[in-house]
Amino acid sequence: MRAVGFSRFGGPEVLEVFEVPVPEPEADEVLVKIVAAPVNPVDIGARAGAFAALLPQRAHYVPGVEFAGYIEEVGKHIPRREIGQPVIGLLPWLETFTGADAEYVAVPADLVAAAPSGVDLTAAATLPLNGITADLAVSQAGAAPGRTVLITGAAGGVGGYAVQLATARGARVIAVAGPGDEELLRSLGASEFLTRGDDLAQRLGAGRVDAVIDAALVGAALLPVVREGGAFVALLPPVAPPPERGITVTTVQQAPDGARLAELVDLVEAGTLTLRVAETYPLEKAADAHARFERGGLRGRLVLLP
Numbered sequence: 025m026r027a028v029g030f031s032r033f034g035g036p037e038v039l040e041v042f043e044v045p046v047p048e049p050e051a052d053e054v055l056v057k058i059v060a061a062p063v064n065p066v067d068i069g070a071r072a073g074a075f076a077a078l079l080p081q082r083a084h085y086v087p088g089v090e091f092a093g094y095i096e097e098v099g100k101h102i103p104r105r106e107i108g109q110p111v112i113g114l115l116p117w118l119e120t121f122t123g124a125d126a127e128y129v130a131v132p133a134d135l136v137a138a139a140p141s142g143v144d145l146t147a148a149a150t151l152p153l154n155g156i157t158a159d160l161a162v163s164q165a166g167a168a169p170g171r172t173v174l175i176t177g178a179a180g181g182v183g184g185y186a187v188q189l190a191t192a193r194g195a196r197v198i199a200v201a202g203p204g205d206e207e208l209l210r211s212l213g214a215s216e217f218l219t220r221g222d223d224l225a226q227r228l229g230a231g232r233v234d235a236v237i238d239a240a241l242v243g244a245a246l247l248p249v250v251r252e253g254g255a256f257v258a259l260l261p262p263v264a265p266p267p268e269r270g271i272t273v274t275t276v277q278q279a280p281d282g283a284r285l286a287e288l289v290d291l292v293e294a295g296t297l298t299l300r301v302a303e304t305y306p307l308e309k310a311a312d313a314h315a316r317f318e319r320g321g322l323r324g325r326l327v328l329l330p
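The working numbering puts the first residue of the sequence shown at 25, with every later residue one more than the last.
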């Protein structure tokens, strides 16, 4: 099968397409014929060498942590999985180093969920990583009726889902993003919109919100806007501020979870979550997709099509 990956660290130019054997599923795995695999920050980091100390010695490394496709084969311990069933999933890449930027992937059956019905698989592929991350962040923020949640990076992949999930739980959402994103974010459910900027905390005022979901990695500068005893949810440990005034500071520790993913699929089918694709690229144009990702400014996901 074809896969895209790298044998050395560097910029997008180190990516290459090569031939590797089709994996054989273990007893508790399913073999998925991949239709779509989004590009994510972890793919960029892996290619650039951010995880070099963790990688075992291999001729090639195949990135890609989420996917959509069809079940083509099942392990002997997997009942009730139909050949041909459309599924989506999130891979434990930093445990297995087996990526989705390929024509096939073998994955534990409990890490996949049936793809949302009535949704193109290219769009469905964008749900697992950002959806699970946003769902965990919204839970840690305690989104509920009567609570106000500030979400930075609200027009991005995680932020956009967080706006919708927090709104669905009854919270009042203040969305922070670029000046051209207000219409989008209000359509996703935001009650208030603020443009990003260094003076954001001053514009909001002290103790204005019950919780912050910091998808834009602003960090400690936003802690004053959280009321005493509130919550601050960081997406990366380095930008999690030290707690103060009884504020609970947590970092999202997302992990592949087929059951949670199935719940998010239900929300997609109910119209609660909107899936956004910015551009698609054939597998052999993965370097172009990585280069576009690094330029930023995306309002939707970049997706590779094997």
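Note that the Cβ used here is the ideal one computed from N, Cα and C, for glycine as well.
Residue 55 and residue 286 have their alpha carbons spaced roughly 19 Å apart.
Taking each of 30, 43, 80 and 111 in turn and checking the Cα distance to residue 71, the smallest one comes out for 30. Residue 101 counts as exposed, since fewer than 16 other C-beta atoms from the protein chains shown sit within 10 angstroms of its C-beta.
Rounded to whole angstroms, the separation of the alpha carbons of residue 39 and residue 310 is 7 Å. Secondary structure of residue 121 (DSSP, three-state): coil. The Cβ-Cβ distance between residue 255 and residue 166 falls below 7 Å. Nearest C-alpha to residue 95 among 156, 133, 327 and 66: 133.
Minimum Cα-Cα distance from residue 137 among the listed residues 318, 147 and 282 corresponds to 282. Residue 107 counts as exposed, since fewer than 16 other C-beta atoms from the protein chains shown sit within 10 angstroms of its C-beta. Shown here, residue 242 sits in coil according to DSSP, grouped into three states, outside any helix or strand. In the three-state scheme derived from DSSP, where H, G and I count as helix and E and B as strand, residue 86 is classed as coil.
Contact check for residue 270 against residue 253 passes: the beta carbons are separated by less than 7 Å. Secondary structure note for residue 155: its alpha helix (DSSP H) is the uninterrupted segment 152 to 165. Under the three-state reduction of DSSP, residue 67 is assigned to helix.
Residue environment analysis places residue 90 among the buried positions, since at least 16 neighbouring C-beta atoms fall within 10 angstroms of its C-beta. The DSSP-derived three-state label of residue 176 is strand. If you draw a straight line from the Cα of residue 128 to the Cα of residue 288, it comes to about 24 Å.
When DSSP states are grouped into helix, strand and coil, residue 57 belongs to the strand group.
Minimum Cα-Cα distance from residue 26 among the listed residues 93, 88, 43 and 60 corresponds to 43.
For residue 49, the number of other beta carbons within 10 angstroms of its own is at least 16, and it is reported as buried.
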